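Colleague:
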Amino acid sequence: MKSSPHRPSIELLFKRGLGSAEIARRLQISSSTVRILRRHFAGGPFILQQDWAPSHGSRSTLAVLEAHFPGFLDKNLWPASSPDLNPMDFSVWGMLEGKIAGKVFATVDDLKAALEVAWASIDDGYLRRTVNSFRVKMWILFGF
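This note's numbering applies: residue 132 is where the sequence shown begins, and numbers increase by one.
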């Protein structure tokens, strides 16, 4: 991914032998992510948002969330089936799909490689605009 010094690079994770909850936990709330968030927001308010896929609600994931982000919005406070409230769902996944659409892949590894290339081609400007549009939705719907 074309990243600036102001945000970390996020990597696609393809791992065999790990449960989906463990993959989600490693991807979304690694210790480096926690450090970056704390440094970026410098004690100011921020909200950790996730889409509440089954793996995101596992006990191990919730324990890490509670340890690092007390007061996070749990699934009882987040609207069910709301992809329009998740920048990855309403924008980024569609862009990735569009970049590889119509191509035929001989192997799963070929597909993974194509996804990694597509992911790396998404620039900061696109992600920034996506997040900014999300902030407007959050303000309108939830007042924050």
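Idealized CB from N, CA, C, for every residue including glycine.
These numbers come from a predicted model, not from an experiment.
Do the region 249 to 258 and the region 221 to 240 meet, that is, are 3 or more Cβ pairs less than 8 Å apart?
Modeller: With a cut-off of 8 Å, the region 221 to 240 and the region 249 to 258 count as touching, because enough Cβ pairs lie within range.
Colleague: Go ahead and pull the three-state DSSP assignment for residue 234.
Modeller: Taking the first residue of the sequence shown as 1, we reach residue 234 at position 103. Reduced to three states, the DSSP call for residue 234 is coil.
Colleague: State buried or exposed for residue 271, treating a residue as buried only when at least 16 other CB atoms are found within 10 Å of its CB.
Modeller: To locate residue 271, count along the sequence shown from 1; it is residue 140. It is exposed - the Cβ of residue 271 has fewer than 16 other Cβ atoms within 10 Å.
Colleague: Kindly examine the ligand PLP and report whether one of its heavy atoms sits closer than 7 Å to the Cβ of residue 269.
Modeller: Ligands are entirely absent from the displayed structure, and the ligand PLP is therefore not among its contents.
Colleague: Our contact map puts residue 231 next to residue 249 with C-beta atoms below 8 Å; I'd like the distance itself, whole angstroms only.
Modeller: Position 100 of the sequence shown holds residue 231. Position 118 of the sequence shown holds residue 249. About 6 Å separates the two Cβ atoms, so the contact holds.
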